[in-house]
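Colleague: Residue numbers (the numbering used here): 2 to 228. All C-beta atoms in this analysis are idealised placements derived from N, C-alpha and C, irrespective of residue type, glycine included. In this text, all values refer to a predicted model and were calculated from it rather than measured experimentally.
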Ligand code: FAD
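Next comes the structure, spelled out in structure tokens:
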């Protein structure tokens, strides 16, 4: 059987609303297991529902089989006046940009970039390297609104496994490492020699990214010009 919760206020994902509705439904249904898709929404909602219900969470399940089923439509009670989070705007990903999960090389920036305008540095590095390069980001900068969520790498973002991953001004929190530690080669640029990102890096540059990144882009461009 399939149950659909329908309400005008639920058109956009809102964790505060969804977690209560799903948790209530699970309690009412007395289910033994609740399955979420491994999408951005599922990865965000599942741990919230598990915490609300005080039950264990299993992640990265690769196969589930459903047999038969009918659909029941319900109208859940929703009081949107108490919501602290709402979707105010949707922005499409920039046309022609390579998706961070598909690129061979990812150039990611973190809070060390200081402000969104400084992404021109990472774009310069990306352009010097050439094609099949995507820009990535830490959650800190996505939460700050500096970069779109589609670029977020990590536990609640995308999981990437490129040939080469640049972590620029990213500390290397465990939730970020969860999304990129399987990259074949990791290059970290950070002015803090003790930053955790260096524990997974194949190459580490301890220095000011505002000096290192332009020089790196120049050197790569010069090497490519000499090809
Ligand atoms: P910071 O930790 O602030 O690090 C900035 C780094 O920049 C520092 O290491 C600093 O030394 C360096 N720096 C500063 N200035 C310079 C300079 N001039 N030159 C060189 N280096 C410089 N995070 C993710 O990334 N992805 C996720 O999917 C994710 N999911 C999460 C899920 C949960 C449930 C929670 C609780 C957290 C999650 N986080 C995630 C957040 C994570 O814990 C960190 O807060 C986040 O990754 C930190 O981002 P950052 O490295 O950009 O910033």
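Quick check: is any heavy atom of the ligand FAD less than 8 Å from the C-beta of residue 210?
Modeller: Flag set: Cβ of residue 210 near the ligand FAD.
Colleague: Assign residue 164 to one of two classes, buried (16 or more other C-beta atoms within 10 Å of its C-beta) or exposed (fewer than that).
Modeller: It is exposed - the Cβ of residue 164 has fewer than 16 other Cβ atoms within 10 Å.
Colleague: Closer than 8 Å to a non-hydrogen atom of the ligand FAD - does that hold for the CB of residue 294?
Modeller: The chain is shown from 2 up to 228; residue 294 falls before or after that span and cannot be answered.
Colleague: Who does residue 159 pair with in a DSSP beta bridge?
Modeller: The partner list for residue 159 (beta bridge, DSSP) reads 154.
Colleague: Thinking C-alpha only, which one of 117, 98, 107 and 124 is nearest residue 185?
Modeller: Per the Cα distances, 107.
Colleague: Using DSSP with H/G/I as helix, E/B as strand and the rest coil, what is residue 139?
Modeller: Of the three classes helix, strand and coil, the one that applies to residue 139 here is coil, per DSSP.
Colleague: In the DSSP output, which residue or residues are listed as bridge partners for residue 19?
Modeller: DSSP, once it has assigned bridges, lists no residue as partnering residue 19.
Colleague: Counting beta carbon pairs with one atom in the segment 50-58 and one in the segment 14-31, are three or more of them shorter than 8 Å?
Modeller: In short, these stretches touch, since the Cβ pair count reaches three.
Colleague: Over the uninterrupted alpha helix (DSSP H) stretch that includes residue 41, give me the two end residues.
Modeller: Unbroken alpha helix (DSSP H) run through residue 41: 41-54.
Colleague: Should residue 38 be listed as close to the ligand FAD, given that the test is whether its C-beta is under 8 Å from any heavy atom?
Modeller: Residue 38 Cβ: outside cutoff for every heavy atom of the ligand FAD.
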